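Single-structure report; data block below.
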Amino acid sequence: MAETASQALDPELKATIQAAYRQVLDGLELTPRYGQRLMIAEIARTLGGIEADDAGRRLSNEHVCVLEAGTGTGKTLAYLLAALPIAQARGKRLVISTATVALQEQVLHHDLPALKAHSGLDFEYALAKGRGRYLCVARLDQALEGGEDNPTLSLFEEAMTSRDGDDFQALAHEMAEAYSAGRWEGDRDSWPTGIDDADWRRLTIDHRQCTNRRCGHFGACAFFRARRGLDQADIIVANHDLVLADLSLGGGLVLPSPKECIYVFDEGHHLPDKALDHFYHRLPVNGTLRWLRTLKKSLTELNTALAVQPTLARLLSSLPEAIAALEPRLGEAFAMGHSIAELEHGLPEEASDAVHHRFSMGRVPEALSEQAGAMVTAFAELSRTLESMADILRESLDPEKATGLPREQAEAWLPLIALLHGRALEAHALWQALATTDPEDGVPQARWLTFERVAGEAELTFSASPVSAAETLARHLWGTCYGAVVTSATLTALNRFERLQERAGLANRYRYQRLPSPFDYSRAVLSVPPEAVDPSNREAHERALIDFTQALGEREAVLMLFSSRKQMRAVLDALPEAVRQRVLAQNHLPKRELLQRHRARVDAGEGSIIFGLASFAEGIDLPGEYLTHVVITRLPFSVPDDPVGATLAEWIESRGGNPFMRISVPDASIRLVQACGRLIRKEADQGRITLLDRRVLTRRYGRALLDSLPPFRREIDGVAQ
1 MAETASQALD
11 PELKATIQAA
21 YRQVLDGLEL
31 TPRYGQRLMI
41 AEIARTLGGI
51 EADDAGRRLS
61 NEHVCVLEAG
71 TGTGKTLAYL
81 LAALPIAQAR
91 GKRLVISTAT
101 VALQEQVLHH
111 DLPALKAHSG
121 LDFEYALAKG
131 RGRYLCVARL
141 DQALEGGEDN
151 PTLSLFEEAM
161 TSRDGDDFQA
171 LAHEMAEAYS
181 AGRWEGDRDS
191 WPTGIDDADW
201 RRLTIDHRQC
211 TNRRCGHFGA
221 CAFFRARRGL
231 DQADIIVANH
241 DLVLADLSLG
251 GGLVLPSPKE
261 CIYVFDEGHH
271 LPDKALDHFY
281 HRLPVNGTLR
291 WLRTLKKSLT
301 ELNTALAVQP
311 TLARLLSSLP
321 EAIAALEPRL
331 GEAFAMGHSI
341 AELEHGLPEE
351 ASDAVHHRFS
361 MGRVPEALSE
371 QAGAMVTAFA
381 ELSRTLESMA
391 DILRESLDPE
401 KATGLPREQA
411 EAWLPLIALL
421 HGRALEAHAL
431 WQALATTDPE
441 DGVPQARWLT
451 FERVAGEAEL
461 TFSASPVSAA
471 ETLARHLWGT
481 CYGAVVTSAT
491 LTALNRFERL
501 QERAGLANRY
511 RYQRLPSPFD
521 YSRAVLSVPP
531 EAVDPSNREA
541 HERALIDFTQ
551 ALGEREAVLM
561 LFSSRKQMRA
571 VLDALPEAVR
581 QRVLAQNHLP
591 KRELLQRHRA
601 RVDAGEGSII
611 FGLASFAEGI
621 DLPGEYLTHV
631 VITRLPFSVP
641 DDPVGATLAE
651 WIESRGGNPF
661 MRISVPDASI
671 RLVQACGRLI
681 RKEADQGRIT
691 LLDRRVLTRR
701 YGRALLDSLP
711 PFRREIDGVA
721 Q
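Residue 621 in UniProt numbering sits at position 621 of the sequence shown; the count goes up by one each step and never skips.
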């Protein structure tokens, strides 16, 4: 390991890491890699150098390292070996977070068992999942009895009758038998067959509906059994969505508190987009009116069940007025939205897709802002009422608290009241986002309307989202955690970390390092052939793609990446039958089966051409002879036409910036590196990458994009460079 790590580590901890590394190399018969040693050193130096007080609270602010490490570096073993001993020595938990299920399973089922078997380190590990991935035993019990304890609940949980009654009952009995016999741990992902979403909703709950220790089934609860396993684990394997969901709820609800954690974000380039998804608010007007009307129809039943308790009776008596205040306002908002978008008569009959109306710079008209302000007040009142009701129902489950409401009634109605409270909170958050004015010198929120038909009926959805998660991540993640490592094969854009810093809120004072690759990239050729055409000439470009595909060798193993589904279909349809037989097109087959067929063809000595879209430019692993030619049909620019991207671009432009150069080119650089990264997966791999977009030679950004790629041998218009 590099000597620089010794500056941050005490000798005993340094010796532990070095000894574990040697044992893993020997046990797994691995060759030490320079980039891997550097990665261990950088992580050890960063995490080992964190200053803390006697209570273990972090005092220093250089506690994050950002490491770009390409395929073949051995990232997983590097960060486990460096971070685990430090986490244990500091009394912290190591949380490994991935963006994809595939990597999560690799860490859980391959890397951690190998580390435990060969490193000499003593540790326990566990997988963390959100509550919604686990069976609720109380709900299963209700299902086995043949229905809901309160029939009103089913009115609020849409599409719960996707199976007929007998099928659902059979599933419930099968699950109960497997769970009680210990053959199933109660999580959705390990059930041997797929479970319909509507059926699963009947068998699980969210954090608001759960009664925790007050539940009569607490001892048998699948989620809390898993939580008890987490409490004993030194390493917790999670995903970005779960980490962000836990942080958005304040931290420490599913995972340990951030201040007690050292995080490793593998596939860290996905973190900013994942974070945006968690701070996005939406409200479908007619959907909201439906649940409010259902609540109004259910008031008689609610009063019969719950009004025996005086405070609940008073709270219930306020609901008719609250609903009466909201219904006309929502109707007015529906009409106002259509008027603003000049769609007074609704979507045209010929409109098959949803239509967005984005507010320029996120600024909503004054009338809508005033309407939103009134909604904020009304939904705040409703939220408080439902929250107070839920609190009383929870207290009624505690045998030591006499609320005057029988436990059976509280247990039956809490799920419904908690569900409604969650919906009221979501509505309040959306209207708050529409009523709030953005700071003059700050980045605006994106705000927009979406018009569509849902089950044949017109729907208008109001939406609001931050255009950047940087501030939120800086405050709630980097600012609160004990330490963190962010790593991926593609963190830089145009060879710089600035784009990631801007999107993820990563401070300049953190440590940034690009680690050397173990691969010899001169084994591959990057070609821009004479056939490459500017895609702005759509017909000529499409013809060039058809001709190039026809000319591919009959036994080549090819991945051809398209940016447009329409163009991919057009090229496929235009190919001669003999060539088309060699093509495996995305969406014609499930991804797993498509890749299996491709490998089988290569094994049989036949040619195979995969036609894929953007999702095939990342995460596809076809080493050796399974992939010898990657064809990129056009530079992977994305047009910021979604409301969030368009608002950000508009804001940059308003400040004299160039959104194309600041957003589109850096993001295209990352995607281009990812696409090229499909070719070289092992040290002995070789082959060709062909770029059929001439703009890389004719536009001023082309040189920067080419120079951001690994040092492949280059061939331009058939001439070696």
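In this text, a Cβ means the ideal position worked out from N, Cα and C, and glycines have one as well.
Because the structure is a prediction, the values reported are computed rather than measured.
The alpha helix (DSSP H) that contains residue i, what's its start and end?
i	result
Thr-16	11–27
Arg-363	Counting along the chain, Arg-363 falls outside any alpha helix (DSSP H), and DSSP gives it neither H nor E.
Ile-43	34–48
Leu-144	137–144
Ile-86	75–90
Met-568	565–574
Thr-492	Per DSSP, Thr-492 belongs to no alpha helix (DSSP H) and is neither H nor E.
Glu-539	538–550
Val-107	Here Val-107 belongs to no alpha helix (DSSP H), and DSSP marks it neither H nor E.
Arg-499	498–504
Alpha carbon to alpha carbon, how far is residue i from residue j?
i	j	result
Arg-183	Arg-703	58 Å
residue 750	Val-243	Residue 750 lies beyond the residue range present for the chain, which begins at 1 and ends at 721; the question has no answer from this structure.
Ala-614	Pro-466	24 Å
Arg-582	Leu-692	20 Å
residue 722	Arg-407	Given a span of 1 to 721 for the chain in the structure shown, any question on residue 722 remains unanswerable.
Asp-603	Gln-596	10 Å
Trp-200	Trp-191	11 Å
Asp-441	Leu-491	28 Å
Val-644	Thr-549	36 Å
Leu-81	Ala-15	12 Å
Leu-705	Val-696	7 Å
Pro-113	Glu-29	15 Å
Gly-656	Ala-455	44 Å
Arg-565	Asp-234	45 Å
Ser-708	Val-673	8 Å
His-421	Glu-625	56 Å
So the beta strand (DSSP E) residue i belongs to, where does it begin and stop?
i	result
Asn-239	235–239
Phe-224	Not the beta strand (DSSP E): Phe-224 falls in the alpha helix (DSSP H), residues 222–231.
Val-665	That residue, Val-665, is in no beta strand (DSSP E); its alpha helix (DSSP H) goes 665–676.
His-356	355–358
Trp-448	445–454
Gln-513	511–514
Tyr-521	Taken as a continuous stretch (DSSP letters only), Tyr-521 belongs to no beta strand (DSSP E), as it is neither H nor E.
His-281	281–284
Pro-466	457–466
Arg-713	713–716
Thr-472	It is not in any beta strand (DSSP E) - Thr-472 instead sits in the alpha helix (DSSP H) that spans 470–473.
Val-64	64–68
Could you tell me which of the options sits nearest to residue i, measuring between CA atoms?
i	options	result
Ala-470	Gly-479, Ala-418, Ala-614, Thr-385	Gly-479
Leu-368	Leu-319, Glu-411, Leu-430	Leu-430
Val-630	Thr-690, His-207, Ala-446	Thr-690
Arg-214	Ser-669, Gly-605, Arg-227, Ala-410	Ala-410
Leu-25	Val-376, Gly-120, Pro-258	Gly-120
Gly-250	Met-361, Arg-475, Gly-186	Arg-475
Ala-532	Asp-277, Ala-390, Ile-632	Ile-632
Phe-451	Ser-463, Leu-80, Pro-399, Ala-493	Ser-463
Ala-220	Gln-432, Val-443, Glu-395, Leu-140	Leu-140
Thr-204	Glu-342, Pro-85, Glu-185, Arg-133	Arg-133
Arg-714	Leu-289, Pro-529, Ala-333	Pro-529
With distances taken between CB atoms, is the gap from residue i to residue j smaller than 8 Å?
i	j	result
Glu-366	Phe-519	no
Val-264	Ala-128	no
Arg-688	Ser-527	yes
Ala-83	Ile-43	yes
Ala-524	Phe-712	yes
Arg-662	Pro-636	no
Arg-188	Ile-195	yes
Phe-611	Met-560	yes
Ala-380	Arg-329	no
Thr-487	Lys-75	yes
Ser-318	Thr-385	yes
Gly-35	Ala-69	yes
residue 766	Ile-609	The question about residue 766 has no answer, for the chain in this structure spans 1 to 721.
Within the present structure, is the beta-carbon of residue i separated from the nearest heavy atom of the ligand NAD by less than 7 Å?
i	result
Leu-648	With respect to the ligand NAD, the structure offers nothing, as it holds no ligand at all.
For the stretch 577–645, list the beta strand (DSSP E) runs that are entirely contained and at least 3 residues long, ordered along the chain.
-> Within the stretch 577–645, the complete beta strand (DSSP E) segments at least 3 residues long are 583–585, 608–612, 629–632, listed from N- to C-terminus.
Can you give, in chain order, each stretch of the beta strand (DSSP E) that sits fully within the stretch 376–411 and has at least 3 residues?
-> Correct list: empty.
Which whole runs of the beta strand (DSSP E) in the stretch 266–335 are 3 residues long or more, in chain order?
-> With a minimum length of 3 residues, the continuous beta strand (DSSP E) runs that stay inside the stretch 266–335 are 281–284.
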